[in-house]
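**Q** Input: one structure, supplied below.
There are 2 protein chains.
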Amino acid sequence: MELNDLPKLHSDFSVDCVVFGFDKGELRILLIERAEEPFKDFLALPGNLVYDNENIDQAANRVLSELTGLNDVYMEQLYTFGDVNRHPQGRVITVAYFSLIKVKKHTLNPLSAYAKKAQWFSVADLQPLAFDHQQILEKAYKRLQNKIRYQPIGFELLPEKFTLSQLQQLYEVILEKPIDKRNFRKKILSFGLLIELDEKQKNVSHRAAKLYKFNKTRYNNLKKMGFSFEL
Amino acid sequence: MELNDLPKLHSDFSVDCVVFGFDKGELRILLIERAEEPFKDFLALPGNLVYDNENIDQAANRVLSELTGLNDVYMEQLYTFGDVNRHPQGRVITVAYFSLIKVKKHTLNPLSAYAKKAQWFSVADLQPLAFDHQQILEKAYKRLQNKIRYQPIGFELLPEKFTLSQLQQLYEVILEKPIDKRNFRKKILSFGLLIELDEKQKNVSHRAAKLYKFNKTRYNNLKKMGFSFEL
DNA sequence: TTAGGATATTGTATAAATTACACTAAAGAT
DNA sequence: ATCTTTAGTGTAATTTATACAATATCCTAA
Numbered sequence: 001m002e003l004n005d006l007p008k009l010h011s012d013f014s015v016d017c018v019v020f021g022f023d024k025g026e027l028r029i030l031l032i033e034r035a036e037e038p039f040k041d042f043l044a045l046p047g048n049l050v051y052d053n054e055n056i057d058q059a060a061n062r063v064l065s066e067l068t069g070l071n072d073v074y075m076e077q078l079y080t081f082g083d084v085n086r087h088p089q090g091r092v093i094t095v096a097y098f099s100l101i102k103v104k105k106h107t108l109n110p111l112s113a114y115a116k117k118a119q120w121f122s123v124a125d126l127q128p129l130a131f132d133h134q135q136i137l138e139k140a141y142k143r144l145q146n147k148i149r150y151q152p153i154g155f156e157l158l159p160e161k162f163t164l165s166q167l168q169q170l171y172e173v174i175l176e177k178p179i180d181k182r183n184f185r186k187k188i189l190s191f192g193l194l195i196e197l198d199e200k201q202k203n204v205s206h207r208a209a210k211l212y213k214f215n216k217t218r219y220n221n222l223k224k225m226g227f228s229f230e231l
Numbered sequence: 001m002e003l004n005d006l007p008k009l010h011s012d013f014s015v016d017c018v019v020f021g022f023d024k025g026e027l028r029i030l031l032i033e034r035a036e037e038p039f040k041d042f043l044a045l046p047g048n049l050v051y052d053n054e055n056i057d058q059a060a061n062r063v064l065s066e067l068t069g070l071n072d073v074y075m076e077q078l079y080t081f082g083d084v085n086r087h088p089q090g091r092v093i094t095v096a097y098f099s100l101i102k103v104k105k106h107t108l109n110p111l112s113a114y115a116k117k118a119q120w121f122s123v124a125d126l127q128p129l130a131f132d133h134q135q136i137l138e139k140a141y142k143r144l145q146n147k148i149r150y151q152p153i154g155f156e157l158l159p160e161k162f163t164l165s166q167l168q169q170l171y172e173v174i175l176e177k178p179i180d181k182r183n184f185r186k187k188i189l190s191f192g193l194l195i196e197l198d199e200k201q202k203n204v205s206h207r208a209a210k211l212y213k214f215n216k217t218r219y220n221n222l223k224k225m226g227f228s229f230e231l
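Residue numbers (the UniProt record's numbering), protein chains in the order written: chain A, 1 to 231; chain B, 1 to 231.
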C-alpha cells in the first residue's frame with residue numbers, strides 16, 4: 001500500500017495551558033468555567049484552537065491572554081495529547097503548555113465570553129475537569145515536581161521578595177514531603193542565587209524573617225556555563 | 001472578538017521518529033532518503049501524516065514500520081514542532097518521537113516506495129537534513145544525554161549480552177566525555193541491575209571480558225518503588 | 001616458546017556532600 | 001512580664017564521589 005493513495009485527513013488542533021500559582025500555602029492552577037457545550041459548566045484548562053498563521057507557542061500565549069487576561073507569560077511545551085476520542089465532537093489534537101506565575105502580580109480579566117471566568121483553584125482538591133484535562137494536569141504536576149528538583153523554578157511562583165520559610169513551604173507543598181529546615185537553608189544558600197535584602201517581613205505576629213530576592217542575572221550566567229542546581 | 005466567529009482552520013498533522021542505535025562505537029540514527037519533493041534526495045527522519053482514526057502513538061509505530069520495517073519498537077513522545085513555515089508546502093504540525101533500539105536485532109526493510117531506503121547514519125557527521133529535522137534531532141540528542149544520566153537506558157542500545165567496557169564506551173560517546181573505569185564499574189554494579197553471565201567475549205585478540213545482561217525484572221520492580229539511578 | 005601488545009580487572013585514601021538532630025532569638029499578643 | 005509563634009543557627013556521623021596504578025589474561029608474532 002502506498003501512503004499517498006490514502007485520503008489526506010485533517011484534524012483540529014488546539015493548545016491548552018497549565019498555569020500554576022502559589023497562594024496561601026497552596027499550589028493553585030488557573031481554570032476557566034466553560035460557558036458552552038461540550039462540558040458546559042465544567043472547569044477546564046484555558047485552551048482553544050490554533051490559527052494556521054501562528055506558531056504554536058504564539059497560539060498558547062494568545063489563547064491564555066484571551067481567556068484569562070494574562071499577558072507575556074513564559075510558557076514551555078509540556079506534551080501533546082491526541083487520543084482519537086479525547087474530544088466528544090471529533091478529532092482534536094492538543095499541545096499542552098506549562099507555566100509558573102506569581103499570583104499577586106497578575107489580575108485575571110478574560111476578554112472572551114467563551115469562558116465565564118478564570119479563577120485560581122487549589123490543585124489539592126479539584127472537581128472533575130472537562131475533556132482529558134485531568135490527565136494533562138497530572139502530567140504537568142509531575143513535570144513540576146521533577147523540575148523543581150534540579151532548577152530553581154520555585155522563585156517563579158513566589159513574590160519578588162520572600163522569606164526562606166516561604167520558599168521551603170513551597171518546596172514542601174510541591175514535593176509533598178517535609179524538608180529539614182537547616183539543611184534546606186544550607187543547600188539553597190549554597191547556590192548563591194539569593195540576594196539577602198535589608199528588609200524584614202511586616203505585620204506578622206512573631207519574629208519577622210529576613211526577605212530575599214532571586215538573583216536572576218547570576219542564575220542565567222551560571223546556567224549558560226552549564227551549572228545545575230540539584231536540591 | 002469572539003473566538004467562535006473565526007473560520008475554523010485545519011492543519012496537516014504528522015509524526016517523525018528519531019530512532020537511535022549504537023554500532024561500531026558510534027551513536028547512529030535511522031534516516032530515510034526522500035524519493036519525492038520537497039527535499040527530494042535529502043536525508044530525513046522517518047515520518048508521515050497521522051490518520052484521523054488512530055492515536056498519535058499508534059501513528060508513530062505505523063509510520064516507522066512502513067518506512068523502515070521496524071515493528072513493536074518502544075517510542076516515547078519527544079516534542080511537537082509546529083512553526084508556520086517548517087514545511088514548504090503548507091502548515092504541518094509534527095509530533096516527534098524518540099526511540100532506542102538494538103541495531104543488530106532488527107533488519108531494515110521499508111514497505112513504502114516513499115522512501116528509497118532506510119539506513120543507519122553516524123550522528124557525529126551528518127549532511128543537512130530535510131525540513132527542520134536537524135532541529136528535531138538536536139532536541140532528541142539532548143533528551144538522550146539527559147535521560148541516560150538518571151535512567152539505565154543504555155541497555156536498550158546494546159546487544160542482550162555486553163561487556164562493561166562496551167557499556168562504558170556507550171556512555172562516553174553519548175555524554176561526550178571520558179569516564180573513569182573503576183568508578184564507572186563501581187557505580188553501575190551498585191545499582192544491582194546487571195546479571196553477570198558465565199560467559200566471555202569470543203574472537204577478541206586480547207583478554208576476553210565477562211559478559212553481562214540487564215536485569216529488566218529487577219529494574220521494573222525498583223522503578224515501581226520509586227528508585228532512581230543517577231550516574 | 002616466549003615477548004610484546006592489548007584490554008580486563010581490582011582497591012584505597014581523600015574530599016565532598018548528605019543527613020540527623022535541638023536549642024536560642026526575636027517580635028507581637030495577652 | 002510572660003506566653004506564643006516562627007526565625008535562625010552548627011556539628012558530628014554517614015554516605016557518596018573522586019583521583020589514581022598495578023596486575024591478570026589472552027592473543028599475536030617473532
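Virtual Cβ for every residue (Gly too), placed ideally from N, Cα, C. Please read these numbers as outputs of a predicted model, since none were measured by experiment.
#1: Leaving aside the five residues before and after A/T80 along the sequence, list all residues of the same chain whose C-beta is less than 8 Å from its C-beta, in chain order.
#2: Specify the secondary structure class of A/T68 as computed by DSSP and reduced to three states.
#3: Measuring only the C-alpha atoms, how far is B/K223 from B/M75?
#4: Taking Cβ-Cβ distances shorter than 8 Å, what residues in chain B pair up with A/T80?
#5: Roughly how many angstroms separate the alpha carbons of A/P7 and B/A59, rounded to a whole number?
#6: With a threshold of 6 Å on Cβ separation, who are the neighbours of B/L164 within its own chain once the five nearest residues in sequence on each side are excluded?
#7: Would you report the Cα separation of B/K147 and A/S65, rounded to the nearest angstrom?
#8: Could you tell me the alpha carbon to alpha carbon distance between B/P152 and B/F229, rounded to whole angstroms?
#9: Cα separation between A/C17 and A/K161?
#10: Does the separation of the CB atoms of B/F121 and B/R207 fall below 8 Å?
#11: Three-state secondary structure (DSSP) at A/G154?
#12: Can you say whether A/Q134 is buried or exposed, counting buried as having 16 or more other CB atoms within 10 angstroms of its CB?
#13: If you follow the alpha helix (DSSP H) that A/N221 is in, where does it begin and where does it stop?
#14: How would you write the range of the alpha helix (DSSP H) that B/N48 sits in, first residue to last?
#15: Closest by CA to A/K24, which one among A/L67, A/E54, A/L144 and A/V123?
#16: Would you mind sorting A/L45 into buried or exposed? The rule is 16 or more other CB atoms within 10 Å of its CB.
#17: In chain order, what are the residue ranges of uninterrupted beta strand (DSSP E) at least 3 long that sit wholly in the UniProt domain "Nudix hydrolase" (14-137) of chain B?
#18: Once DSSP output is grouped into helix, strand and coil, what is the label at B/M1?
#19: Which residue or residues does DSSP assign as beta-bridge partners of B/E196?
#20: Taking just the CA atoms, how far does B/A140 sit from B/L158?
#21: Whole-angstrom Cβ separation of B/R143 and B/F98, contact assumed at under 8 Å?
#22: Whose CA, out of B/L193, B/G47, B/F20 and B/N221, lies closest to the CA of B/F131?
#23: Tell me whether A/F162 sits in a helix, a strand or coil according to DSSP, three-state version.
#24: Quick check on this structure: which residue in B/K117, B/G226, B/G82 and B/F42 has the alpha carbon closest to the alpha carbon of B/I136?
#25: Nearest CA to the CA of B/P88: which residue from B/K40, B/P110, B/Q166 and B/I188?
#26: On the CB-based measure, 16 or more other CB atoms within 10 Å of its CB, does A/P110 come out buried or exposed?
#27: Report yes if the C-beta distance between A/G192 and A/L170 is below 8 Å; otherwise report no.
#28: Give the single residue among B/E138, B/Q127, B/L194 and B/K181 whose Cα lies nearest to the Cα of B/K213.
#29: Output the boundary residues of the alpha helix (DSSP H) element that contains A/K187.
#30: CA-CA distance, A/K177 and B/N61?
**A** According to the data block:
#1: I93, T94, V95 and A96
#2: helix
#3: 18 Å
#4: I56, Q77, T80 and V95
#5: Residue placement at A/P7 is poorly supported in this model, since its pLDDT is 39, which falls under 50; the coordinates still yield a value, given next. Whole-angstrom Cα-Cα distance: 15 Å.
#6: R185
#7: 34 Å
#8: 7 Å
#9: 26 Å
#10: no
#11: helix
#12: exposed
#13: K216 to K224
#14: From DSSP, B/N48 is part of no alpha helix (DSSP H) but of the beta strand (DSSP E) over G47 to L49.
#15: A/V123
#16: buried
#17: 26-34, 47-49, 76-81, 92-100 and 115-122
#18: Model confidence at B/M1 stands at a pLDDT of 36, short of 50, so the residue's coordinates are unreliable and nothing is read from them.
#19: B/Y212
#20: 19 Å
#21: 6 Å
#22: B/G47
#23: strand
#24: B/G82
#25: B/K40
#26: buried
#27: no
#28: B/L194
#29: K181 to S190
#30: 39 Å
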